[in-house]
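A short write-up of the structure that comes next.
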Amino acid sequence: MKNVRDFILIFLFTGFIYGQTDYSPIPLYWKTLKSEEKEIYLFGYLTQVYDTHKSLISETGRGEFTKWYYDNRAELAYNIFDLLDTIAVTKFVGWVDDFYSHQEYRERSFPEALKYAYDRSQMKGQTLLEKYDTLMRKKKKAK
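Numbering (my numbering), first residue to last: 1 to 143.
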């Protein structure tokens with residue numbers, strides 16, 4: 001009987017510890033995709049954000065939630081859409097891959113990865129070290 005009780009306590013304690021982790025499934029899914037599939041996923045995500053924003057405007061108007069959605073999701077998607085005329089989607093896929101290759105970013109959300117990719121797209125004419133310094137300063141300001 002004592003063994004059963006100990007087993008149950010260990011099981012509950014283990015479940016409590018692992019139940020507290022907040023892993024996002026998107027980075028795991030992203031890593032399983034091939035390069036071409038990543039391009040499709042990225043374009044699909046951007047299209048979904050665009051469609052959602054347009055639906056919010058038509059259904060609820062330009063209220064607080066629509067403004068929040070634009071500020072936190074749609075504006076970035078629109079900016080990336082504009083850049084796809086001049087920058088290949090493969091570059092954005094590479095930047096998202098780079099974001100998720102860093103240990104400290106591997107569980108971050110996909111919009112954060114897109115923000116990183118967008119920031120990288122804006123760093124023209126800088127050396128690699130200057131680009132890194134710029135990114136690190138932006139990360140410190142965000143905290």
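C-beta: ideal position from N, C-alpha, C; glycine also.
Values in this document were obtained by computation on a predicted structure and should not be read as measured data.
Element boundaries [alpha helix (DSSP H), containing residue i]
i	result
residue 38	35-60
residue 28	25-32
residue 67	64-69
Residue-level contact to chain D via CB, residue i, 8 Å cutoff
i	result
residue 50	Here there is only one protein chain, and chain D is not present.
Beta-carbon spacing of residue i, residue j below 8 Å
i	j	result
residue 41	residue 53	no
residue 100	residue 34	no
residue 45	residue 110	yes
residue 118	residue 87	no
residue 89	residue 43	yes
residue 95	residue 73	no
residue 27	residue 137	no
For residue j and residue i, believed in contact at Cβ under 8 Å, the rounded distance
i	j	result
residue 114	residue 84	Going by Cβ atoms, the distance from residue 114 to residue 84 rounds to 12 Å, so no, they are not a contact pair.
Distance, residue j Cα to residue i Cα
i	j	result
residue 65	residue 55	12 Å
residue 123	residue 59	37 Å
residue 163	residue 38	Limits of the chain in this structure are 1 at one end and 143 at the other, which puts residue 163 out of reach.
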